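Taking the working numbering, the leading residue of the sequence shown gets 168, the next gets one more, and so forth. Each residue gets a CB set at the ideal place from its N, CA and C atoms; glycine is no exception. None of these values were measured; they are calculated from a predicted model.
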Amino acid sequence: MNYYICETCGVQHDLSSTEPKECKICTEERQYVSVNEQSWTTLEQLVQSNQFKNEFTAEMEGLHSIKTTPSFGIGQNAYLIQNKDFNVLWDCITYIDEETISKVRELGGIQAIALSHPHYYSTQVEWAEAFNAPIYIHEDDKEWVTRPSKHIIFWAGDTLKLHDGIVLHRIGGHFKGATVLEWNSSTDSVLLVGDIVRVVADRQWVTFMYSYPNFIPLPTNTVKRMAQQLNSIQFNKLFDAFHRVISTDAQSRVQLSAKRYIAALEGELFET
Ligand SMILES: [Zn+2]
Ligand SMILES: [Zn+2]
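Here it is, written out as structure tokens:
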């Protein structure tokens with residue numbers, strides 16, 4: 168019996184004696200099945216291969232990004248927030264080994280795990296078990312949980328205060344339960360967005376997509392609503408899931424980006 172992991176998205180599935188027939192996450196228009204067809208591995212195989220290592224990068228006071236090299240699955244990074252003795256793992260990555268667990272313990276462990284959306288569920292249950300931490304997932308994305316666990320807490324509504332200084336906001340868009348994390352650290356106001364909002368090549372701008380790999384945009388009304396919700400949050404810095412950062416004045420950059428996006432959808436950005 169194994170907890171099989173899809174090699175394309177890196178999401179772990181429930182215990183089974185044979186490889187699952189398909190990956191629920193990848194056989195859906197926001198992801199894709201690899202051109203080399205569906206393939207599976209396990210966490211034990213990944214660890215035993217000795218191919219992977221998690222790199223920790225100090226991003227700012229109290230914030231480390233964690234990324235697997237070489238890249239595995241979608242290739243996102245997770246963030247460890249050190250907040251007043253209450254550490255939060257924001258989003259998750261598939262690879263976890265003893266070295267990772269020791270390093271996280273040195274940084275104060277994990278008191279809660281919060282997820283932006285299903286593409287990053289990865290091995291969240293392995294992380295939760297290693298640190299005996301609850302996992303917070305918006306109930307609107309319940310159907311996408313491929314490995315159930317007693318550690319998972321489904322939350323409802325538009326906001327959830329996780330701890331002093333840390334609030335989850337469901338803003339939808341990319342997924343119905345898509346969530347961003349507001350963190351008022353001792354030194355700055357920060358928004359962690361996964362890929363619910365994504366910093367683009369020009370680091371002064373962000374985008375909002377239904378599917379990133381398949382280039383499917385979101386409708387005007389959805390982006391307007393997301394921008395309105397984001398406008399109610401104070402944040403100066405923004406970190407996305409791919410190590411792209413807007414390091415100052417991020418709130419106004421998000422609002423300008425939403426305006427440009429809507430103008431593009433409505434044909435107002437072009438000379439045609
Ligand atoms: Zn998959
Ligand atoms: Zn995604």
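In this structure Lys404 is buried. Its beta-carbon is surrounded by 16 or more other beta-carbon atoms within 10 angstroms. Taking a cut-off of 8 Å on C-beta distances, the segment 375–383 does not touch the segment 200–216, as fewer than three cross pairs fall below it. With 16 or more other Cβ atoms inside 10 Å of its own Cβ, Met376 counts as buried.
Inclusion of Ile192 in the 7 Å shell around ligand 1 follows from its C-beta lying nearer than that to a non-hydrogen atom of the ligand. In this structure, the alpha-carbon of Asp362 lies about 15 Å from that of Ser289.
Contact between Phe402 and His330 fails: their C-beta atoms lie close to 17 Å from each other, not under 8 Å. Counting only runs of at least 3 residues, the segment 285–369 fully encloses the following beta strand (DSSP E) elements, listed from N- to C-terminal order: 302–305, 319–322, 326–330, 333–337, 346–351, 356–359. Under the DSSP assignment, Gln179 falls in the beta strand (DSSP E) whose first and last residues are 179–183. Nearest Cα to Thr209 within the set Phe321, Asp307, Ser184: Ser184.
Gln198 has its Cβ nearer than 7 Å to a heavy atom of ligand 1.
The C-beta of Arg272 has fewer than 16 other C-beta atoms within 10 Å across all chains shown, which makes the residue exposed.
In the structure shown, the three-state DSSP call for Thr389 is helix. Taking a contact as a CB-CB distance under 8 Å, the pair Leu358 and Ile400 counts as one, their CB atoms being some 7 Å apart. Judged by DSSP in its simplified three-state form, Lys270 adopts helix. Distances from the CB of His284 to the heavy atoms of ligand 2 include at least one below 7 Å. Taking non-hydrogen atoms of ligand 2 into account, the C-beta of Asp362 is found less than 7 Å away from one of them. Contact between Thr313 and Lys191 holds: CB atoms are separated by about 6 Å, below the 8 Å threshold. Here Ala408 carries a coil assignment [DSSP, helix/strand/coil].
Under DSSP, Cys173 takes part in a beta bridge, and its partners are Trp207. In this structure, Ala245 lies near Ile260, with their beta-carbon atoms less than 8 Å apart. Here DSSP, grouped into helix, strand and coil, assigns Lys234 to strand. At a cut-off of 7 Å, the beta-carbon of Cys259 does not count as near ligand 1: no heavy atom of the ligand is closer than that. The alpha carbon of Trp322 has as its nearest neighbour, out of Ala408, Gly340, Tyr303, the alpha carbon of Tyr303. Look at Asn217 here: in three-state DSSP terms it is coil, with no helix or strand label. In terms of side-chain proximity, the C-beta atom of His410 is found no nearer than 7 Å to any non-hydrogen atom of ligand 2.
Exclusion of Val366 from the 7 Å shell around ligand 1 follows from its C-beta lying no nearer than that to any non-hydrogen atom of the ligand.
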